[in-house]
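Chemist:
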Amino acid sequence: DAGVIQSPRHEVTEMGQEVTLRCKPISGHDYLFWYRQTMMRGLELLIYFNNNVPIDDSGMPEDRFSAKMPNASFSTLKIQPSEPRDSAVYFCASSTRGTGASGANVLTFGAGSRLTVL
Amino acid sequence: RKEVEQDPGPFNVPEGATVAFNCTYSNSASQSFFWYRQDCRKEPKLLMSVYSSGNEDGRFTAQLNRASQYISLLIRDSKLSDSATYLCVVKNNAGNMLTFGGGTRLMVKP
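Read top to bottom, the protein sequences are chains R and L. Position in the first sequence (first residue = 1) + 14 = the working numbering. Position in the second sequence (first residue = 1) + 58 = the working numbering.
Quick look at the structure:
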């Protein structure tokens, strides 16, 4: 299993440009999560999907952010237009449903996409 | 108040030392608890789940105190390779979201 695959690993862009981050979850995992990590705020949940359906997007900062999951093996997080304060590492993670403390939503993270907006 | 709070550290300890981290959570309805480990410039990875009765995995022991709403992680005989950031994670069964603490940084010195 290749794990959760994210691309690009690094992106440097200028303010105002559109940014698209991509994620391929682990096959068979029915939950997908997008997190953002910064030094100041730590890991913040942006949105999560269950069976390709967005369940909770209350963490999405503002309308400039959007996420889609057109099928079970692919998700995108888009920022348009990007701003310098969006600079962060964006992690995608996936999990199975699981039951009980041992299996419930144990997340497997991708390697992250490090975004720098100039 | 943050939902999950941790002392950011860093905790600087010599090899072989025993070190303990605490984490407090605000939502008394929280049901599942975990410790994740994150190495520098890497993704978080599950270290261990935390069970109500406490649990041990080799040199690592996790404890849960529901009355006081805190979780602890004890590392015995620390190794250089234990140097990392340890993230306390809480799940509320009302949803399927995991809330991460800000992490505690550990540095083990020779």
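Glycine included, every Cβ here is placed at the ideal spot set by N, Cα and C.
(1) Output needed in chain order: residues of the region 132-162 of chain L with a Cβ under 9 Å from some Cβ in chain R.
(2) Going by Cα to Cα distance, which pick from R:ASP77, R:ARG55, R:ALA86 and R:GLN51 is closest to ASN64 (chain R)?
(3) Please state the DSSP three-state secondary structure of SER110 (chain L).
(4) Spatial neighbours of ARG50 (chain R) within its chain, please: CB distance less than 6 Å, with the 5 preceding and 5 following residues excluded, ordered by chain position.
(5) Under 7 Å, do GLU25 (chain R) and LEU132 (chain R) count as touching if we go by C-beta distance?
(6) Rounded to whole angstroms, what is the Cα-Cα separation between ILE129 (chain L) and MET83 (chain R)?
(7) GLY56 (chain R) bridges to which residues according to DSSP?
(8) Ordered along the chain, which non-local residues of its own chain (more than five positions away) have a Cβ less than 6 Å from that of THR162 (chain L)?
(9) Would you call MET106 (chain L) buried or exposed, if buried means 16 or more other Cβ atoms sit within 10 Å of its Cβ?
(10) Counting only the same chain and skipping the five closest in sequence on each side, list residues whose C-beta sits under 6 Å from that of ASP71 (chain R).
(11) Less than 8 Å between C-beta atoms, sequence neighbours within five positions excluded: which residues of the same chain meet that for PRO98 (chain R)?
(12) So the candidates are L:THR119, L:PRO102, L:CYS98 and L:ARG99; which of them puts its Cα closest to the Cα of VAL108 (chain L)?
(13) If the cut is a Cβ gap below 9 Å, which residues of chain R does LEU105 (chain L) touch?
(14) In terms of DSSP beta bridges, what is LEU122 (chain L) paired with?
(15) For SER141 (chain L), which of helix, strand or coil comes out of DSSP?
(16) Roughly how many angstroms separate the alpha carbons of LYS103 (chain L) and ASP77 (chain R), rounded to a whole number?
(17) According to DSSP, is ASP100 (chain R) helix, strand or coil?
(18) Would DSSP call ARG95 (chain L) helix, strand or coil?
(19) What does DSSP give as the partner residues of ASP70 (chain R) in its beta bridges?
(20) Can you give me the start and stop residues for the beta strand (DSSP E) that LYS82 (chain R) sits inside?
(21) Give the secondary structure of THR110 (chain R) by DSSP, where H, G and I count as helix, E and B as strand, and everything else as coil.
(22) If you count every other CB in all the chains shown that lies within 10 Å of the CB of CYS98 (chain L), and 16 or more means buried, which is it?
(23) Give me the Cβ distance between LEU156 (chain L) and LEU121 (chain R), rounded to the nearest whole Å; I'm assuming they're in contact under 8 Å.
Modeler: Straight from the coordinates:
(1) LEU145, VAL147, LYS149, ASN151, GLY153, ASN154, MET155, LEU156, THR157, PHE158, GLY159, GLY160 and GLY161
(2) R:ALA86
(3) coil
(4) GLU58, LEU60, ALA102 and TYR104
(5) no
(6) 34 Å
(7) R:THR52
(8) GLN64, ASP65, GLY67, PHE79 and TYR144
(9) buried
(10) ILE61
(11) Excluding residues up to 5 positions away in sequence, MET29, VAL131 and LEU132 lie with their Cβ nearer than 8 Å to the Cβ of PRO98 (chain R) in the same chain.
(12) Ranking L:THR119, L:PRO102, L:CYS98 and L:ARG99 by Cα distance to VAL108 (chain L) puts L:THR119 first.
(13) Result: empty, since nearest Cβ-Cβ is about 11 Å, beyond 9 Å.
(14) LEU122 (chain L) has L:ILE129 as its beta-bridge partners, per DSSP.
(15) coil
(16) 30 Å
(17) In the structure shown, ASP100 (chain R) sits in a helix (DSSP, three-state: H, G or I).
(18) strand
(19) R:TYR62
(20) 79-85
(21) coil
(22) exposed
(23) 6 Å
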